[in-house]
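Student:
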Amino acid sequence: MSDLKTTSLNALHLELGARMVPFAGYEMPVQYPMGVLGEHLHCRASAGLFDVSHMGQVRLAAKSGDLSGVALALETLVPVDVLGLAEGRQRYGFFTNKDGGILDDLMIANRGDHLLLVVNAGCKDADLSHMQNGLSGVSDPEMINGRSLLALQGPKSETALARLVPDVAGMRFMDVRTLDWQGVDLWISRSGYTGEDGFEVSVPDTDAETLARELLAMAEVAPIGLGARDSLRLEAGLCLYGHDIDETTSPIEAGLGWAIQKVRRTGGARAGGYPGDAQIMGEIDEGTARKRVGLLPEGRAPMRQGTPLFADATSPAAIGSITSGGFGPSVERPISMGYVDRAHAETGTKLFAELRGKRLPVTVAALPFTKANFKH
Amino acid sequence: MKYTEEHEWLMPEGDLVVVGITEHATTQLGDLVFVELPEAGSTVSKDDEIVVIESVKAASDILAPLDGEIVEVNDAIVADPTLVNADPMGDGWFFKMKLDNPSDMDDLLDEDDYKALID
Chain W
6 MSDLKTTSLN ALHLELGARM VPFAGYEMPV QYPMGVLGEH LHCRASAGLF
56 DVSHMGQVRL AAKSGDLSGV ALALETLVPV DVLGLAEGRQ RYGFFTNKDG
106 GILDDLMIAN RGDHLLLVVN AGCKDADLSH MQNGLSGVSD PEMINGRSLL
156 ALQGPKSETA LARLVPDVAG MRFMDVRTLD WQGVDLWISR SGYTGEDGFE
206 VSVPDTDAET LARELLAMAE VAPIGLGARD SLRLEAGLCL YGHDIDETTS
256 PIEAGLGWAI QKVRRTGGAR AGGYPGDAQI MGEIDEGTAR KRVGLLPEGR
306 APMRQGTPLF ADATSPAAIG SITSGGFGPS VERPISMGYV DRAHAETGTK
356 LFAELRGKRL PVTVAALPFT KANFKH
Chain A
237 MKYTEEHEWL MPEGDLVVVG ITEHATTQLG DLVFVELPEA GSTVSKDDEI
287 VVIESVKAAS DILAPLDGEI VEVNDAIVAD PTLVNADPMG DGWFFKMKLD
337 NPSDMDDLLD EDDYKALID
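This is the structure in structure tokens:
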């Protein structure tokens, strides 16, 4: 794996017995000796520590010193209310293309004198140049090197992190703060991608391993790999970029319309003004031909990405396909997500998936599969 | 005990052989969540894809190690796939088969060959 980049926790992962795999150009832990099932259940019951340092952290400071100018410029790339994002708050968004597809999904935080974006590892270089073009004159987007990103997720995350940083106890879901830990500035958000309460902590590379070790020394905390990260987000009904969403899926088809605030919709004060706006606003008003849905396979066989879906046991034409699927350790059954024609998207609709040459029954289900557990 | 390059083990038991996957294979695959076994009584040829196993992360096929007939399958691992992880060389066996040519076993890997393969 010599061509792969490593994070500042690489040696720690190896010491912990992780199995390392290539992921988005990085050597990352897919699982530790506890195994994917155990890690998943541990995270839902207690607290799990994830190395997400491969993700891109991008700082958008204002050339003029006026952050609202940067917010407005960013609004030309994302259909999100950035201007209305208060200092110390974060929200979810996505870069769109001219056809209304999704270039990447991301988190946007207002940290007072700059916006901090967290973008997917596999898209981060493209995202940076997209922003350099889109924000030129207003901000020089800076990919932050030298800071790692740890996620601590699960119902005991607050208990664990508050031992090191007591003030995290006062944070609500999607709050962002800079808090001190032994003289080190931690950039903390109360968020994550597991459906559980938790935090994402940006820490200087030089301090990341010490912080990780202090957390892992706590009885509540276990290290969690990419395998369980995927099953956790799937149960939580969250989209994985490159699978459930990509340049060919619109946010409305994907069920992400909630992330487009009223002010950016038809009739809003800053309606449209982003790539693909006509397409996306039309879809908000008129609906889409297909929709992302949850899917419950009837049997025990997991149904994974690429599995075609049919309206009945013999019909020749597929009405959709699965974009993510696997076994849900907390729900103790196979679960999937995928896109289906609008006519077959109602919860409870019986469909068939073609798996290894056989048509197997599957039912359209509401997302998420497990209830979110955020601290509002 | 014999082994295949596909990480199966074969243990003679009377005039049958018991087939399973090695501990190395289960470690690589991770926790199994689904197993689909062939029908008892079916005739198989070497390298037929006769078993589907899925871990939390991925699906894999298990190939027939040699020509023969599937005589018995281990339904316990269908009901609880984690048995394979817990005891791959014991309770986690997959199926028993009657070989068309018992001497075919001689062509498979012995323990030292297999250890060399996975090191």
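Sequence lines, in order, name chains W and A. My numbering applies: residue 6 is where the first sequence begins, and numbers increase by one. My numbering applies: residue 237 is where the second sequence begins, and numbers increase by one. The C-beta atom is built at its ideal place from N, Cα and C for all residues, glycine as well. Since this is a predicted model, take the numbers as computed values, not measurements.
(1) Where does residue 353 (chain A) land, buried or exposed, given buried means 16+ other C-beta within 10 angstroms?
(2) For residue 178 (chain W), which residues does DSSP report across the bridge?
(3) I want to see whether chain W comes within less than 9 angstroms of residue 295 (chain A), judged by CB atoms only; does it?
(4) Would the stretch 39-47 of chain W and the stretch 229-237 of chain W be scored as touching if the rule is three or more Cβ pairs under 8 angstroms?
(5) So, is the C-beta of residue 158 (chain W) closer than 9 angstroms to a C-beta in chain A?
(6) For chain A, check one thing: does any of its Cβ atoms lie closer than 9 angstroms to the Cβ of residue 238 (chain W)?
(7) Just to check my reading of the structure: residue 207 (chain W) and residue 95 (chain W) have Cβ atoms closer than 8 angstroms, yes? What is that Cβ distance to the nearest angstrom?
(8) Decide if the stretch 80-91 of chain W is in contact with the stretch 41-59 of chain W; the criterion is three or more beta carbon pairs, one per stretch, under 8 angstroms apart.
(9) Interface residues of chain A around residue 332 (chain W) at Cβ under 8 angstroms?
(10) Consult DSSP for residue 94 (chain W) and reduce its assignment to one of helix, strand or coil.
(11) Buried or exposed for residue 171 (chain W), going by 16 or more other Cβ atoms inside 10 Å?
(12) Need the endpoints of the beta strand (DSSP E) that residue 65 (chain W) sits in, please.
(13) At the 9 angstroms Cβ level, is residue 250 (chain A) part of the contact set with chain W, yes or no?
(14) Where does residue 280 (chain A) sit, in a helix, a strand or coil, going by DSSP?
(15) Just verifying my parser: in three-state terms, what is the DSSP assignment at residue 158 (chain W)?
(16) Check whether chain W comes within 9 angstroms of residue 310 (chain A), counting only Cβ atoms and requiring the distance to be less than that.
(17) Would you say residue 188 (chain W) lies against chain A (beta-carbon separation less than 9 angstroms)?
(18) Please report the distance separating the alpha-carbon of residue 302 (chain A) from that of residue 237 (chain A).
(19) Using a 10 Å radius around the Cβ and a threshold of 16 neighbouring Cβ atoms, would you call residue 282 (chain W) buried or exposed?
(20) Of the residues W:345, W:279, W:181, which one's Cα is nearest the Cα of residue 83 (chain W)?
(21) Please state whether DSSP places residue 306 (chain W) in a helix, a strand or coil.
(22) To which residues of the same chain is residue 261 (chain A) closer than 6 angstroms at the C-beta, ignoring the five residues directly before and after it?
(23) So which residues of chain C does residue 266 (chain A) contact, with C-beta pairs closer than 7 angstroms?
(24) Please report the straight-line C-alpha distance between residue 297 (chain A) and residue 132 (chain W), rounded to a whole angstrom.
(25) Consult DSSP for residue 41 (chain W) and reduce its assignment to one of helix, strand or coil.
(26) Please go through the same chain and pick out, in chain order, the residues whose beta-carbon is closer than 7 angstroms to the beta-carbon of residue 352 (chain W), but skip the five residues on each side of it.
(27) Quick one: residues in its chain with C-beta nearer than 8 angstroms to the C-beta of residue 249 (chain A), no 5 flanking neighbours on either side, listed in chain order?
(28) Would you mind sorting residue 1 (chain W) into buried or exposed? The rule is 16 or more other CB atoms within 10 Å of its CB.
(29) Is residue 350 (chain A) helix, strand or coil by DSSP?
(30) Going by CA-CA distance only, name the one from W:287, W:358, W:269 that's closest to residue 313 (chain W).
(31) Ordered along the chain, which non-local residues of its own chain (more than five positions away) have a Cβ less than 7 angstroms from that of residue 366 (chain W)?
(32) Mind checking whether residue 270 (chain W) and residue 343 (chain W) have CB atoms under 9 angstroms apart?
Tutor: Taking the geometry as given:
(1) exposed
(2) Answer by DSSP bridge pairing: none, since residue 178 (chain W) is not bridged.
(3) yes
(4) yes
(5) no
(6) no
(7) Going by Cβ atoms, the distance from residue 207 (chain W) to residue 95 (chain W) rounds to 12 angstroms, so no, they are not a contact pair.
(8) no
(9) 269, 270, 290, 292
(10) strand
(11) exposed
(12) 61-66
(13) no
(14) strand
(15) strand
(16) no
(17) no
(18) 14 angstroms
(19) buried
(20) W:279
(21) coil
(22) 243
(23) Looking at the structure shown, chain C is missing, and the protein chains on hand are W and A.
(24) 38 angstroms
(25) helix
(26) 369, 370, 371
(27) 332
(28) Beyond the ends of chain W as shown, which are 6 and 381, falls residue 1 (chain W); an answer cannot be given.
(29) helix
(30) W:358
(31) 303, 355, 357
(32) no
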